[in-house]
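S.K.: Heads up: the sequence lines are chains A and B, in that order. Note that this note's numbering has the first sequence beginning at 1, numbered continuously upward. Note that this note's numbering has the second sequence beginning at 292, numbered continuously upward. Built from N, CA and C at the ideal position, the CB exists for glycine as well. I have a structure here, written as structure tokens, and I will follow up with some questions on it.
There are 2 protein chains.
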Amino acid sequence: MLGGIEAGGTKFVCAVGTGPHDLIVSAPISTTTPAETFAQVITFFKEHAPIEAIGIGSFGPIDLRPDSPTFGYITSTPKPGWGNTRFAGIIQDAVNVPIYFDTDVNVAALGEHRWGAAQGLNTFVYLTIGTGIGGGGMVDSKLLHGLIHPEIGHLILPRDKAMDPYEGHCPFHEDCLEGLACGPAIEARWHKKASELPPDHPAWSLEAHYLSVGLVDLIYTLSPERFVMGGGVMHQAHLFPMIRENVKRRMNGYQMATIPGGDFDRYIVPPSLGDRSGVLGALALAQRASD
Amino acid sequence: MLGGIEAGGTKFVCAVGTGPHDLIVSAPISTTTPAETFAQVITFFKEHAPIEAIGIGSFGPIDLRPDSPTFGYITSTPKPGWGNTRFAGIIQDAVNVPIYFDTDVNVAALGEHRWGAAQGLNTFVYLTIGTGIGGGGMVDSKLLHGLIHPEIGHLILPRDKAMDPYEGHCPFHEDCLEGLACGPAIEARWHKKASELPPDHPAWSLEAHYLSVGLVDLIYTLSPERFVMGGGVMHQAHLFPMIRENVKRRMNGYQMATIPGGDFDRYIVPPSLGDRSGVLGALALAQRASD
């Protein structure tokens with residue numbers, strides 16, 4: 001059996017299995033202190049021994065350079081208690097199997113590529129819109145890394161303060177995609193949880209507007225074959241048609257022929273694995289690495 | 292010998308040779324009608340026969356999908372007379388050697404990777420800032436393509452019309468990087484050629500501002516190891532330190548540790564091949580393909 005860890009800023013979820021039809025998933029483990037959280041993760045895998053390898057998809061930023069002294073660490077996260085935290089090494093020391101480590105969003109992208117909405121694609125983007133905004137994906141069939149890894153949530157957006165005076169939720173930048181469009185930004189702007197705002201609330205056209213600008217920037221940079229959009233905010237299914245229309249209008253005819261068949265319903269889609277993209281992707285990471 | 296064509300919207304340059312130290316370069320061929328322009332290109336290669344293969348770096352958008360009926364065409368360019376123009380096939384019919392075809396900017400990136408400022412890098416971006424703005428590069432050692440190819444010039448930028456009331460030069464979008472920061476935009480805004488504006492003219496801080504926003508968006512999307520910035524506008528060498536400072540300030544400490552050694556002088560650089568990146572890259576494309 002293989003193991004997977006989806007390590008989020010709010011909760012960790014662990015699993016053992018080989019894929020969607022053979023999967024034991026842990027109860028959610030609250031992300032408290034690293035020591036407490038890792039202890040529960042390790043207990044779960046010890047209860048399900050033997051395990052051949054573990055894949056981890058972690059919130060970040062994380063260090064993915066194998067030659068770095070802090071390889072496998074969570075690095076400069078603003079999350080209290082988690083800055084510069086050794087992660088992959090702690091799990092390896094305790095469980096003593098090979099550990100494979102990547103970003104939460106790259107791992108979710110891998111899950112969707114293996115079993116979900118991105119099967120057969122070479123270049124695509126996976127986005128999560130929730131307590132933060134993150135993006136990963138593949139370019140030419142390889143997970144996107146670069147020097148470190150993408151931080152798509154920090155794309156700089158145009159804004160009109162007359163239309164939206166909200167100052168933004170990101171501690172690093174004003175006016176970045178995450179700062180303007182993550183779940184907590186919606187909540188702070190409208191003084192209600194996103195899930196409590198009705199589909200015709202102006203919050204949603206504003207949300208679709210910001211997300212669409214981000215998508216168009218990603219189209220012009222990566223030319224993806226598809227966007228898979230997950231995370232808590234995207235549970236509001238009415239956002240999908242709004243985003244599709246907005247992207248279409250915004251590209252204003254430029255290169256529209258390249259969206260296969262002009263079919264935006266298949267170009268911007270929810271994850272087919274629902275909230276399991278991450279934990280299944282973590283299994284796929286362990287499996288791919290052990291091939 | 293190998294052949295290369297750098298096909299720009301203003302001029303074409305052809306070359307035969309094997310690299311920077313063994314290179315015969317044609318006189319610039321004005322980009323007039325496709326028939327006239329291609330005739331001069333073909334004459335150059337016939338005069339320098341025999342040639343084993345030709346690499347082409349073309350202005351775009353272009354069709355790079357080998358299974359497409361318009362493979363090797365320039366597609367939806369706004370340039371009069373050049374929309375939906377067969378290109379690679381015309382050259383192949385006349386010269387009868389294998390033809391390799393990619394974007395002008397990917398080909399320039401390849402030239403810099405082979406012989407210039409991007410040697411040894413896996414993930415980097417090449418930008419040209421001239422009559423338009425374009426970008427190419429490599430991700431994980433492969434030229435960036437995706438579904439079609441990047442159109443980095445069309446990144447959507449924030450703007451402050453009180454600071455810069457100029458409406459933009461792009462026929463497709465208001466407020467895109469190319470529309471606000473290409474050479475003709477500088478000229479239209481200040482009523483002088485960019486090359487005639489002194490280094491302390493406010494044009495340059497505005498130009499550095501727009502280019503830096505574009506660079507930061509690319510950092511958050513691709514996490515490149517280096518930016519190579521060429522094209523006519525970047526002949527103004529004083530722009531480089533202004534852009535470096537602006538990018539540094541704009542990232543506001545986020546992930547700064549990942550710019551190797553924090554060394555922005557090596558992170559944002561001019562092409563080492565000067566104005567030869569494109570034509571040498573076209574040779575490299577022919578060479579790589581014929582390996």
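Using a Cβ-Cβ distance under 7 Å, would E151/A count as near chain B?
M.R.: For the purposes of this step, residue 151/A is taken as residue 151 along the first sequence, with counting starting at 1. So yes, E151/A belongs to the interface.
S.K.: Are the Cβ atoms of G521/B and G474/B separated by less than 7 Å?
M.R.: Residue mapping note: residue 521/B aligns to position 230 of the second sequence, counting from 1. Residue mapping note: residue 474/B aligns to position 183 of the second sequence, counting from 1. No; because the gap between Cβ atoms is not below 7 Å, this pair is not in contact.
S.K.: Are any of the Cβ atoms in chain A nearer than 7 Å to that of S568/B?
M.R.: Your numbering for residue 568/B matches position 277 in the second sequence. So no, S568/B is outside the interface.
S.K.: Just the chain A side, please: which residues come within less than 9 Å of S514/B by C-beta, in chain order?
M.R.: In the second sequence, counting from the first residue as 1, residue 514/B sits at position 223. Ordered by position in chain A, the residues that pass the 9 Å Cβ test against S514/B are L144, H145, G146, L147, I148, H149, P150 and E151.
S.K.: So that I know if they touch, is there some Cβ in chain A lying closer than 7 Å to that of V388/B?
M.R.: In the second sequence, residue 388/B corresponds to position 97, counting from 1. It does not; no Cβ of chain A falls within 7 Å.
S.K.: Just to check my reading of the structure: I152/A and G135/A have Cβ atoms closer than 8 Å, yes? What is that Cβ distance to the nearest angstrom?
M.R.: Counting from 1 along the first sequence, the entry for residue 152/A is found at position 152. Counting from 1 along the first sequence, the entry for residue 135/A is found at position 135. About 3 Å; that satisfies the 8 Å criterion.
S.K.: Note down, in chain order, each residue of its chain lying with its Cβ closer than 8 Å to the Cβ of P61/A, except the 5 sequence neighbours on either side.
M.R.: Mapped onto the first sequence, residue 61/A falls at position 61. For P61/A, the CB contacts under 8 Å within the same chain, skipping 5 residues up- and downstream, are I74, T75, S76, T77, I148, H149 and E151 in chain order.
S.K.: Can you give, in chain order, each stretch of the alpha helix (DSSP H) that sits fully within the stretch 345-387 of chain B and has at least 4 residues?
M.R.: 379-386
S.K.: Can you tell me whether M542/B is buried or exposed, with buried defined as 16 or more other CB within 10 angstroms of its CB?
M.R.: If you number the second sequence from 1, residue 542/B lands on position 251. M542/B is buried by the Cβ-count criterion.
S.K.: Beta carbons nearer than 7 Å to chain B: which residues of the stretch 152-178 of chain A have them?
M.R.: Against chain B - using a Cβ distance shorter than 7 Å - the residues of the stretch 152-178 of chain A are I152, H154, L155, I156, L157, P158, R159, F172, H173 and D175.
S.K.: Closest to L280/A by CA distance: which of A208/A, A15/A, I156/A and T10/A is it?
M.R.: Position 280 of the first sequence, counted from the start, is the residue given in the question as residue 280/A. If we check each option's Cα against that of L280/A, A15/A comes out closest.
S.K.: Return the Cβ separation of G437/B and V139/A in integer angstroms, given the expectation that the two are a contact with Cβ distance under 8 Å.
M.R.: Translated into positions along the second sequence, residue 437/B becomes position 146. Translated into positions along the first sequence, residue 139/A becomes position 139. Their Cβ separation, rounded to whole angstroms, is 7 Å, which keeps G437/B and V139/A in contact under 8 Å.
S.K.: Determine, using beta-carbon pairs with one atom in the stretch 530-542 of chain B and one in the stretch 492-503 of chain B, whether at least three such pairs fall under 8 Å.
M.R.: yes
S.K.: Given a limit of 7 Å on CB to CB distance, which residues of the stretch 490-512 of chain B reach chain A?
M.R.: V504, V507, D508, L509, Y511 and T512
S.K.: Could you tell me the boundaries of the alpha helix (DSSP H) in which T33/A lies?
M.R.: Taking the first residue of the first sequence as 1, we reach residue 33/A at position 33. Per DSSP, T33/A belongs to no alpha helix (DSSP H) and is neither H nor E.
S.K.: Are K248/A and F264/A closer than 7 Å when you measure CB to CB?
M.R.: Within the first sequence, numbered from 1, the residue matching residue 248/A stands at position 248. Within the first sequence, numbered from 1, the residue matching residue 264/A stands at position 264. Yes; because the gap between Cβ atoms is below 7 Å, this pair is in contact.
S.K.: Should D104/A be flagged as near chain B, meaning a C-beta pair shorter than 7 Å?
M.R.: Taking the first sequence and counting its residues from 1, the one referred to as residue 104/A is at position 104. Closer than 7 Å: no.
S.K.: What residues in the stretch 413-430 of chain B bring their beta carbon closer than 7 Å to a beta carbon of chain A?
M.R.: T414 and V430
S.K.: When the Cα of L218/A is compared with those of Y457/B, L446/B and K484/B, which residue comes out closest?
M.R.: As a working mapping, residue 218/A is identified with position 218 in the first sequence. Of Y457/B, L446/B and K484/B, the residue nearest in Cα terms is L446/B.
S.K.: Bridge partners of M163/A, per DSSP?
M.R.: Residue 163/A sits at position 163 when you count from the first residue of the first sequence. The partner list for M163/A (beta bridge, DSSP) is empty, contrary to what the question assumes.
S.K.: Using the three-state DSSP reduction, which class does M1/A fall into: helix, strand or coil?
M.R.: Position 1 of the first sequence, counted from the start, is the residue given in the question as residue 1/A. Note: M1/A maps to coil in three-state DSSP.
S.K.: Which term fits R114/A, buried or exposed, when burial requires 16 or more other beta carbons within 10 angstroms of its beta carbon?
M.R.: Residue 114/A sits at position 114 when you count from the first residue of the first sequence. R114/A should be labelled buried.
S.K.: Report yes if the C-beta distance between D395/B and G569/B is below 7 Å; otherwise report no.
M.R.: Taking the first residue of the second sequence as 1, we reach residue 395/B at position 104. Taking the first residue of the second sequence as 1, we reach residue 569/B at position 278. The answer is yes: Cβ separation under 7 Å.
S.K.: Ends of the alpha helix (DSSP H) at L497/B?
M.R.: If you number the second sequence from 1, residue 497/B lands on position 206. Note, L497/B: alpha helix (DSSP H), P493 to L513.
S.K.: Does the Cβ of N106/A have 16 or more other Cβ atoms within 10 Å, making it buried, or fewer, making it exposed?
M.R.: Counting from one through the first sequence, the residue named residue 106/A turns up at place 106. That one is buried.
S.K.: Taking 8 Å as the limit between beta carbons, can you name the residues of its chain near P28/A, skipping five residues before and five after?
M.R.: Position 28 of the first sequence holds residue 28/A. Excluding positions up to five away in sequence, the list reads K11, F12 and V13.
S.K.: Closest by CA to S359/B, which one among I342/B, G380/B and K370/B?
M.R.: The sequence position of residue 359/B within the second sequence is 68, counting from 1. The option with the nearest alpha carbon to S359/B is G380/B.
S.K.: Can you check DSSP and say which residues form a bridge with M138/A?
M.R.: Position 138 of the first sequence, counted from the first residue, corresponds to residue 138/A. DSSP output for M138/A lists F124/A and L143/A as bridge partner(s).
S.K.: What are the start and end residues of the alpha helix (DSSP H) that includes V233/A?
M.R.: Translated into positions along the first sequence, residue 233/A becomes position 233. First-last for V233/A: undefined, no H or E at that position.
S.K.: With C-beta atoms as the reference, is T361/B less than 7 Å away from P325/B?
M.R.: Reading the second sequence from its first residue, position 70 is the one you call residue 361/B. Reading the second sequence from its first residue, position 34 is the one you call residue 325/B. The answer is no: Cβ separation not under 7 Å.
S.K.: Tell me the rounded alpha-carbon separation between M1/A and D93/A.
M.R.: Here residue 1/A refers to the residue found at position 1 of the first sequence. Here residue 93/A refers to the residue found at position 93 of the first sequence. Computed Cα separation, rounded: 19 Å.
S.K.: So, using beta-carbon positions, are E469/B and G423/B closer together than 7 Å?
M.R.: Residue numbering aside, residue 469/B sits at position 178 when the second sequence is read from its first letter. Residue numbering aside, residue 423/B sits at position 132 when the second sequence is read from its first letter. Cβ distance < 7 Å, so E469/B and G423/B count as in contact.
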